Every structure is written in C-alpha cells, then in structure tokens.
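*Asks:* In the UniProt record's numbering, the protein residues as written are 1 to 385. Glycine residues also receive a C-beta, built at the ideal position from the N, C-alpha and C atoms. Values in this document were obtained by computation on a predicted structure and should not be read as measured data. Below you will find the structure I want to go over with you.
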Amino acid sequence: MAITKIPFKISNLEKLIFQPERYEVADTKTPSLRIAVYPSGVKTFLLYKKVNNVPQKIKIGRFPDLSIEQATKEAKRLLAKITLGHNPQEEKKAEKLEITFNELLEIYYQQHSLLYNKNPTHNKRMMEIHLVPIFGRSKVKNITREQICKIHTQMGINSGHGGANRVINVVSSIFNFGIRNGYVKGINPCLGLRKFPSYSRDRFLSTEELKLFFDAVEQEEELFRDFFKLLLFTGARKSNVLSMKWAHLDFNLKRWRIPETQTKNKDVNIVVLSQYALEILSGRREANSEFAIPSQYVFPGESKDGYLKDPKRAWERIKKRMKIMDIRMHDLRRTLGSYMAISGISLPIIGKALNHKSQVSTAIYARLSQNPVEDAINIATAHML
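Listed below in structure tokens is the structure:
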C-alpha cells in the first residue's frame, strides 16, 4: 500500500487529524522522514529505512515539541549512520541496556561491599550523598575523569582532603568492580587522579588535656560517659566499642574478644581489659540487668542494629566543655598508645595491645603472652589518671 506524501510544513502537519487507526504520512522532500498519527492525537516523527534489507522505523520525536527542521536534521544524521554500516535501532536498544551509576552502585553493594567491606552501609551512604545526586541516572560509560576530578577538588575545599580522598577510593573501587565483572567497558575514570596528600595524625591528649577530658565527660549521662571512657581505657576502635556485646566479654580472664568480622585487619582481636575498664563494664552490667529485657549490647541504643550509634553530639559537648576543638574520638585510642610509650612500654607490646599489624612485627606479636600487654595497659591507664 502506497504511503501518502505531503510537504512537511507546520500548517500541513497541524491539519492531520487522528483516526481510529494509526497512520503515517511521508515528507515529499525527505521521503524517509515520516510522521505517525495515533488515535490519541499524538504525532511522532520517525525514520523509515531498510537496514540489512529489514525495514525499520526509528522514532525521532513528537511534533510540535520537535520542529520540522530538527526532525529533518536528525533523519539525515540517522541516514548517514546507516549508510556507514551502523544500525541505529540496535544501538538504541543497546544504550537502554547500558547500566547507570545507580544500578552499578546497588550491584556493587550487594555483590561486593556487603561481602568484603568493613563499613558497606557507610560507603553506600557516602555515594548517595556525594555522587548519586550528580551521576545517579547517568550511564556509567558517560562519566568522565574530568567530572570525577571536579567533584574531588570541590569536596576537598568543602569537606576536607581526607573525606574527598575516601569518596574517590570508593568510586574507584566501584568502577574496578564494574570493569572486572563486565558491567563497565573502558578505563576507570579515577585512574591516575591525583589525590590530596595525607598526613599521619599523631594527636593525643596531654596530661592537662586529660584532666579537662575527665571533668567534661563526667557531666555526660552514664551511657555516653562510660562509652568515652572505654574508648580511652581500651584503645579500641569506636565502631568496636559501640557494638560491644556481653557475650564477647570475659570478666574472669579480663579479656574482650572482637570477632574477625568486626576488625580492620580481619583477624580476631583479644583486647586486654584494665581494672579501670572492668569497673566501668561492671557498672554497665549492673545497669543492664535492671532492664525488663536486658540488651545483648553493652551500649544499647534505639538504632535498627540495637546499639548506640555514633555519639557525635555528645562528643561536641565534651570538646566545648574542654574548650579544645581539634581533637577527634580516634585520638583517645591514640592517647592510650602514646602513654604506653611514655611509660616505657616497648613498641611490639603497644602494637599488640592496639591490634596493629605489620610485616616486621607480626612474628614478635605471635610469641608475646597477654601478661605484659595487661601490665602495659594498666600502667598506661594509671599514668593517665
């Protein structure tokens, strides 16, 4: 059946009325350019052309949203591609199947992050805050190194160098995962990006600052007071103290067992508990026994995990009372190690007490008994008090 041809002018296209059945009209000047009129009244430009002897109709856009000039220009572009051996229809289908950053992030989270990362939820949240608003719906293949570099620079200005570097590390890991598993073709856009220099932080609380700390922390409610003191007296990482379980504590042996699933180096960590730490834990155990349903956690909370979440506000209050704003919670861990050194404790024992690992000292750690570590922690804690 021959198709009707008319000159594509605005007045002519506006006169096309909808019918019970969809129909098409071709342009007299560019016969491959057609307009389809639907029963709903919608009019859509399309290109009709045989590709590899198979008739294809490629949608271009709606009229009048797309002008006749724009539709003609796009039709000629598609015709040129077909002449050069391309198949626009197949390319469009392939493009629809290409993965977006949102989709890759979710796959990475489920197949990699949950299995191998220490803080998978934190990493995902970091992406949702900093990258998803910018790249969420973008095809991964369209994300450029220039864009990543711009985000890194801006974050360095707004959020600090350390945070900017951490975001880039996660983005790079996501792209490496995508490339490794066939979701992404090409080169990781983070490759070769120059990160901000990082410096090893050696901040710890002086004896004068410790006095201010103890005065300030005593003004907090029991839960926060005990938490911050245990950070200091155990030298453990914040995340480990927050999620501390009664089942992992041995009051007789004065030990706290942190499972390998919760440690940075993926090894079981046995933390020696000083007398000061045990006194705090005994008080918490007594308080916990008074609950109708005692918690499995030393620091119970209302979070979905059941334990106290990052007490940033309490920490800010403590810093303000101390009138010292340049300290971090992690500096409490560093303070225990520093006072061990001040007390004359050897570096290998300090490393074992804080669960630090290194190729040089691992063999020495393996031969150490827990007794000198216990003495070291008690001596250091006494020195601080």
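Tell me whether residue 53 sits in a helix, a strand or coil according to DSSP, three-state version.
*Replies:* Taking the first residue of the sequence shown as 1, we reach residue 53 at position 53. Coil.
*Asks:* Can you tell me which of the three DSSP states residue 291 falls into?
*Replies:* Along the sequence shown, read from residue 1 onward, the residue named residue 291 stands at position 291. Looking at residue 291 - three-state DSSP - the assignment turns out to be coil, as it is neither helix nor strand.
*Asks:* Cα separation between residue 332 and residue 235?
*Replies:* Locating residue 332 in the sequence shown gives position 332, where the first residue counts as 1. Locating residue 235 in the sequence shown gives position 235, where the first residue counts as 1. Rounded to the nearest angstrom, the two C-alpha atoms are 7 Å apart.
*Asks:* Does DSSP classify residue 27 as helix, strand or coil?
*Replies:* Here residue 27 is taken as the residue at index 27 of the sequence shown, counted from 1. Correct three-state label for residue 27: strand.
*Asks:* Would you decide whether residue 341 is buried or exposed? Buried here means 16 or more other CB atoms lie within 10 Å of its CB.
*Replies:* Within the sequence shown, numbered from 1, the residue matching residue 341 stands at position 341. Under this definition residue 341 is an exposed residue.
*Asks:* Exposed or buried, what is residue 294 when buried is set at 16 or more other beta-carbons lying within 10 Å of its beta-carbon?
*Replies:* The residue given as residue 294 occupies position 294 in the sequence shown. So residue 294 counts as exposed.
*Asks:* What span of residues does the beta strand (DSSP E) with residue 256 cover, start to end?
*Replies:* The residue you call residue 256 lines up with position 256 of the sequence shown. Residues 255-258.
*Asks:* Excluding five sequence neighbours on each side, which residues of the same chain lie with their C-beta closer than 6 Å to the C-beta of residue 132?
*Replies:* What you label residue 132 is simply residue 132 of the sequence shown in a count that begins at 1. Excluding the 5 residues flanking it on each side, residue 132 has no same chain C-beta neighbour closer than 6 Å.
*Asks:* Starting from residue 171, follow the alpha helix (DSSP H) in both directions and report where the run begins and ends.
*Replies:* The sequence position of residue 171 within the sequence shown is 171, counting from 1. 161-180 is the extent of the alpha helix (DSSP H) around residue 171.
*Asks:* Given a cut-off of 8 Å, decide if residue 287 and residue 233 are closer than it, judged by their beta-carbon atoms.
*Replies:* The count along the sequence shown starts at 1 and reaches residue 233 at position 233. The count along the sequence shown starts at 1 and reaches residue 287 at position 287. Not closer than 8 Å, so no.
*Asks:* Would residue 144 be called buried (16 or more neighbouring beta carbons within 10 Å of its own) or exposed?
*Replies:* The residue given as residue 144 occupies position 144 in the sequence shown. It is exposed - the Cβ of residue 144 has fewer than 16 other Cβ atoms within 10 Å.
*Asks:* Is residue 66 helix, strand or coil when you go by DSSP?
*Replies:* Along the sequence shown, read from residue 1 onward, the residue named residue 66 stands at position 66. Note: residue 66 maps to coil in three-state DSSP.
*Asks:* Counting C-beta neighbours from all protein chains within 10 Å, is the total for residue 166 16 or more, i.e. buried, or is it exposed?
*Replies:* For the purposes of this step, residue 166 is identified with residue 166 of the sequence shown, where counting begins at 1. Residue 166 comes out buried.
*Asks:* Please report the straight-line C-alpha distance between residue 442 and residue 102, rounded to a whole angstrom.
*Replies:* The structure shown has nothing for residue 442, since the chain only spans 1 to 385.
*Asks:* So, is residue 44 buried or exposed, given that buried needs 16 or more other C-beta atoms within 10 angstroms?
*Replies:* To locate residue 44, count along the sequence shown from 1; it is residue 44. Residue 44 is buried by the Cβ-count criterion.
*Asks:* For residue 325, is the classification buried or exposed, using 16 other Cβ atoms within 10 angstroms of its Cβ as the cut-off for buried?
*Replies:* Locating residue 325 in the sequence shown gives position 325, where the first residue counts as 1. Under this definition residue 325 is an exposed residue.
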